[in-house]
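S.K.: Quick one: the structure is below, questions incoming.
2 protein chains.
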Amino acid sequence: MQIEEKAKLFKALSDPNRLRILKMLQVRKLCVCEITEVLSLATSTVSEHLSILKRAGFIIEEKDGKWVNYMINSNCCDTTVASIISMLPFWISNDNTVSCDIDKINSVDRNKLCCR
Amino acid sequence: MQIEEKAKLFKALSDPNRLRILKMLQVRKLCVCEITEVLSLATSTVSEHLSILKRAGFIIEEKDGKWVNYMINSNCCDTTVASIISMLPFWISNDNTVSCDIDKINSVDRNKLCCR
DNA sequence: ATTAGATTTCGGTGTAAAACGAAATGAGAA
DNA sequence: TTCTCATTTCGTTTTACACCGAAATCTAAT
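As they're listed, the protein sequences go chains A and B. To convert, note that position 20 of the first sequence is 20 in our numbering; the numbers rise steadily by one, no gaps. To convert, note that position 61 of the second sequence is 1061 in our numbering; the numbers rise steadily by one, no gaps.
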């Protein structure tokens, strides 16, 4: 992998909202509307963030009926990406923002959330 | 450290020229004009890159007569920054670009380089 | 098939960042 | 002090990106 691509890996991690998404996904898989609810962003914005993280290799997606679940790419074959994923819990501690995010994803119900 | 500041750490690493600077500094300390010669950028541009890396904590500076030497912040007290620095050799291999950069810094003479 | 709802893609806007040259700063040499 | 030269700061331009709402897509249920 060339150095430009390595820079892109770090660029994917350079946005606070994307880091919050990764921290949430380390708790459990989530659909777009659940992440949207927690971050208070437009759905389209969250979708863009997810596609950036997916393109970099940090997350993968899984179709689940009308929903799309996103999850951490735990079995990533790229050693750099894999090692960064394994370091994230150590690097990014649960500050106020992250703690609140995790509280929220433990209390949302995607069926109540999205159907309105 | 809040999650916004963690994002800024990764933003500092999200530019290929800054990654090249870090890889060069892992060989030896360098002044601005040496880095400028290798990267083929304007001196002011290199100076800005260095100040971004310095603000993030990855490098430190040392006055040396009319020169300013920049070097890796090897004794960084921040555990996240320290761990990232220690991982850099593993993450960023010596691709063509990096190998050429290192060849160049081993052959430049700052006295011949700057005085013109 | 048609509808409803979750997600993605598509323009558009405002802000951040990378690049440059020129001017300002700072430190040694004359 | 005055000059030289390495570096930083400033003003500007161009490019990239985060964000939004609207339109398009895709899936499941009616």
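Glycine residues also receive a C-beta, built at the ideal position from the N, C-alpha and C atoms.
Examine chain A for any beta-carbon lying closer than 8 Å to the beta-carbon of Arg-1116 of chain B, and answer yes or no.
M.R.: Unreliable placement is indicated for Arg-1116 of chain B, whose pLDDT of 44 sits below 50; no coordinate value is reported for it.
S.K.: Span of the alpha helix (DSSP H) holding Ile-84 of chain A?
M.R.: From DSSP, the alpha helix (DSSP H) with Ile-84 of chain A extends over 79 to 91.
S.K.: Going along the region 1070 to 1091 of chain B in order, which residues come within less than 9 Å of chain A, judged by CB to CB distance?
M.R.: Under the 9 Å Cβ criterion, the region 1070 to 1091 of chain B contributes Thr-1079, Thr-1080, Ser-1083, Ile-1084, Met-1087, Phe-1090 and Trp-1091.
S.K.: In or out: Lys-1006 of chain B buried (at least 16 other Cβ within 10 Å) or exposed?
M.R.: So Lys-1006 of chain B counts as buried.
S.K.: So with CB distances below 9 Å, who are the chain B contacts of Cys-11 of chain A?
M.R.: The identity of residue 11 of chain A in the sequence shown is Lys, whereas the question assumes Cys. Those within 9 Å of Lys-11 of chain A in chain B are Phe-1010, Lys-1011, Leu-1013, Ser-1014 and Asp-1015.
S.K.: CA-CA distance, Cys-114 of chain A and Asp-1095 of chain B?
M.R.: Cα-Cα distance, rounded: 47 Å.
S.K.: Quick check on the burial criterion: 16 or more other C-beta atoms within 10 angstroms. Buried or exposed for Gly-65 of chain A?
M.R.: Exposed, since its Cβ has fewer than 16 Cβ neighbours within 10 Å.
S.K.: Hey, out of A:Thr-43, A:Ser-74 and A:Glu-48, whose CA is closest to Phe-58 of chain A's CA?
M.R.: Nearest option by C-alpha distance: A:Ser-74.
S.K.: Relative to the C-alpha of Asn-111 of chain A, which candidate in A:Trp-67, A:Cys-76 and A:Lys-8 has its C-alpha closest?
M.R.: Minimum Cα distance to Asn-111 of chain A is reached at A:Trp-67.
S.K.: Val-1032 of chain B: which of B:Phe-1090, B:Asp-1103, B:Lys-1063 and B:Val-1098 sits nearest, CA to CA?
M.R.: When only C-alpha atoms are compared, the closest one is B:Lys-1063.
S.K.: Any beta carbon of chain B sitting closer than 8 Å to that of Val-98 of chain A?
M.R.: Judged by the 8 Å Cβ criterion, Val-98 of chain A is in contact with chain B.
S.K.: Any heavy atom of the ligand NAD closer than 7 Å to the beta-carbon of Lys-1066 of chain B?
M.R.: What this structure holds is no ligand at all, so the ligand NAD is not there to describe.
S.K.: I'd like to know if Gln-26 of chain A contacts chain B, where contact means its C-beta is closer than 8 Å to some C-beta of that chain.
M.R.: With 8 Å as the cut-off, Gln-26 of chain A does not count as an interface residue toward chain B.
S.K.: Name the DSSP bridge partner or partners of Leu-1030 of chain B?
M.R.: Paired residues: B:Tyr-1070.
S.K.: Have a look at Asp-1101 of chain B and Thr-1079 of chain B and give me their C-alpha separation to the nearest angstrom.
M.R.: About 29 Å.
S.K.: Could you please give me the residues that DSSP links to Glu-1062 of chain B through a beta bridge?
M.R.: BP columns for Glu-1062 of chain B point to B:Asn-1069.
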